[in-house]
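Below is one structure, written out as structure tokens; the observations come after it.
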Amino acid sequence: MNDLEIQVLGMSRSGNHAICNWIFNQADEPKLLLNCAEGKTNPFVTCRPFSSGQPGWRETPEPARHGAAPKAGTERALLMHSYEDSWLAHAFSKELEAHHDMWLGPSRRRVRLLILRDPYNLCASRMRMGATLSPHVLRQMWKQHAREALDDTRKVENKVIVLYNRWSTEAAYRRDIAEELGLNFTDAGADQVPRTMGGSSFDGTSFDGRAAEMATNERWKAYVRDPDYRAIFDTEMVSLATRLFGPPPAGLELGDPASEDALLEK
Numbered sequence: 001m002n003d004l005e006i007q008v009l010g011m012s013r014s015g016n017h018a019i020c021n022w023i024f025n026q027a028d029e030p031k032l033l034l035n036c037a038e039g040k041t042n043p044f045v046t047c048r049p050f051s052s053g054q055p056g057w058r059e060t061p062e063p064a065r066h067g068a069a070p071k072a073g074t075e076r077a078l079l080m081h082s083y084e085d086s087w088l089a090h091a092f093s094k095e096l097e098a099h100h101d102m103w104l105g106p107s108r109r110r111v112r113l114l115i116l117r118d119p120y121n122l123c124a125s126r127m128r129m130g131a132t133l134s135p136h137v138l139r140q141m142w143k144q145h146a147r148e149a150l151d152d153t154r155k156v157e158n159k160v161i162v163l164y165n166r167w168s169t170e171a172a173y174r175r176d177i178a179e180e181l182g183l184n185f186t187d188a189g190a191d192q193v194p195r196t197m198g199g200s201s202f203d204g205t206s207f208d209g210r211a212a213e214m215a216t217n218e219r220w221k222a223y224v225r226d227p228d229y230r231a232i233f234d235t236e237m238v239s240l241a242t243r244l245f246g247p248p249p250a251g252l253e254l255g256d257p258a259s260e261d262a263l264l265e266k
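Heads up, the sequence shown is in the UniProt record's numbering, so the first residue is 1 and it goes up one at a time.
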């Protein structure tokens with residue numbers, strides 16, 4: 001039986017690994033994190049390695065037999081399984097619901113955590129990383145997640161929304177999220193940069209231990225003149241982003257390429 005089960009979904013480069021690490025650090029033991037599983041499948045089977053040569057899970061305390069794969073049905077204070085770059089219906093799937101107790105074991109409380117980052121810095125980080133979603137799919141998926149975060153749609157039950165921009169900069173916001181999840185807030189892990197996928201697209205792990213110093217809200221500046229980058233943002237995407245995060249950054253005038261050049265030269 002799992003006391004608390006958290007299913008996490010966010011687009012790649014939305015701070016998913018940092019937020020999962022932060023939750024994991026504050027949760028009671030025993031606890032297990034299954035990394036970046038495939039939707040509509042058993043996450044114990046499809047979780048992906050944190051890095052080359054590493055398993056797709058993180059468990060505390062570590063099993064008595066080193067390297068032994070975790071199993072469902074064990075008594076745990078926390079079971080967390082994460083998903084990236086997935087449509088809502090693929091991650092929060094009917095298949096998972098139908099096989100839930102067999103795949104994951106029963107849970108006393110279940111939470112679905114949806115993470116969003118503003119699209120301007122998200123897309124810059126994804127371009128730097130070389131993420132593979134087409135601009136059309138990227139745009140449509142982000143908008144689907146944004147509508148759900150704003151309650152324009154209500155497809156996901158028992159959801160908790162985390163806005164990465166606020167999570168990364170506001171300790172009071174992190175405290176509120178921890179309380180909503182039922183965690184004893186210590187803020188442990190907030191300054192760590194997980195090594196998964198090489199850490200930050202721009203900084204790697206060089207800011208580990210001082211993550212708050214990273215310029216995560218200025219990544220857009222690296223692509224402000226890039227027409228492929230600017231073409232990602234349609235009117236609806238900008239409108240949804242404004243409702244969640246405020247207006248586009250000053251200097252990112254999406255409809256006028258010359259505007260960025262003029263502002264950056266000042």
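Don't be surprised by glycine CBs; every beta carbon is placed ideally from N, CA and C.
Since the model is a prediction, treat every value here as computed from it, not as a measurement.
Verify whether the separation of the beta carbon atoms of residue i and residue j is less than 8 Å.
| i | j | result |
| --- | --- | --- |
| Glu5 | Arg110 | yes |
| Leu114 | Ala149 | yes |
| Leu116 | Ser14 | yes |
| Pro106 | Met237 | no |
| Arg147 | Asp234 | no |
| Tyr120 | Leu252 | yes |
Expressed to the nearest angstrom, what Euclidean distance is found between the alpha-carbon atoms of residue i and residue j?
| i | j | result |
| --- | --- | --- |
| Gly182 | Asp28 | 11 Å |
| Val137 | Asp85 | 10 Å |
| Pro61 | Arg166 | 31 Å |
| Tyr164 | His66 | 34 Å |
| Ala98 | Glu157 | 15 Å |
| Asn25 | Arg108 | 21 Å |
| Ile177 | Val162 | 7 Å |
| Ala262 | Tyr229 | With a pLDDT of only 38 at Ala262, under 50, the local geometry of the prediction cannot be trusted, and the value read off the model is given with reservation. Computed Cα separation, rounded: 18 Å. |
| Thr186 | Cys20 | 14 Å |
| Lys159 | Leu88 | 12 Å |
| Glu75 | Ala250 | 50 Å |
| Glu95 | Met102 | 11 Å |
| Ser51 | Glu180 | 30 Å |
| Trp57 | Ala190 | 20 Å |
| Pro70 | Arg154 | 33 Å |
| Asn217 | Pro248 | 11 Å |
Of the residues the options, which one's Cα is nearest the Cα of residue i?
| i | options | result |
| --- | --- | --- |
| Ile232 | Trp57, Trp142, Glu84 | Trp142 |
| Lys40 | Ser82, Gly10, Leu254, Phe92 | Phe92 |
| Phe44 | Glu59, Pro30, Ser51 | Glu59 |
| Leu254 | Phe245, Leu244, Thr242, Val224 | Val224 |
| Pro227 | Pro135, Lys71, Met102, His90 | Pro135 |
| Gln192 | Met11, Ile23, Gly10 | Ile23 |
| Lys221 | Pro119, Thr74, Ala124 | Ala124 |
| Leu104 | Met11, His17, Leu32 | Leu32 |
| Ala37 | Gly53, Pro30, Ser12 | Ser12 |
| Tyr83 | Glu179, Gly10, Gly246 | Gly10 |
| Pro30 | Arg112, Met80, Ser51 | Met80 |
| Ala72 | Gly246, Thr242, Asp3 | Asp3 |
DSSP on residue i, reduced to helix/strand/coil?
| i | result |
| --- | --- |
| Arg219 | helix |
| Glu62 | coil |
| Val156 | coil |
| His99 | coil |
| Asp228 | helix |
| Ser239 | helix |
| Gln7 | strand |
| Arg174 | helix |
| Trp167 | helix |
| Asp208 | Here the model assigns Asp208 a pLDDT of 47, short of 50, so the residue's position is not dependable, and the following value carries that caveat. In this structure, Asp208 counts as coil in the three-state DSSP scheme. |
| Arg147 | helix |
| Arg13 | coil |
| Arg76 | strand |
| Gln192 | coil |
Based on DSSP bridge pairs, tell me the residues matched to residue i.
| i | result |
| --- | --- |
| Trp57 | Leu34 |
| His81 | Gln7, Leu34 |
| Ser107 | Asn2 |
| Val162 | Ile115 |
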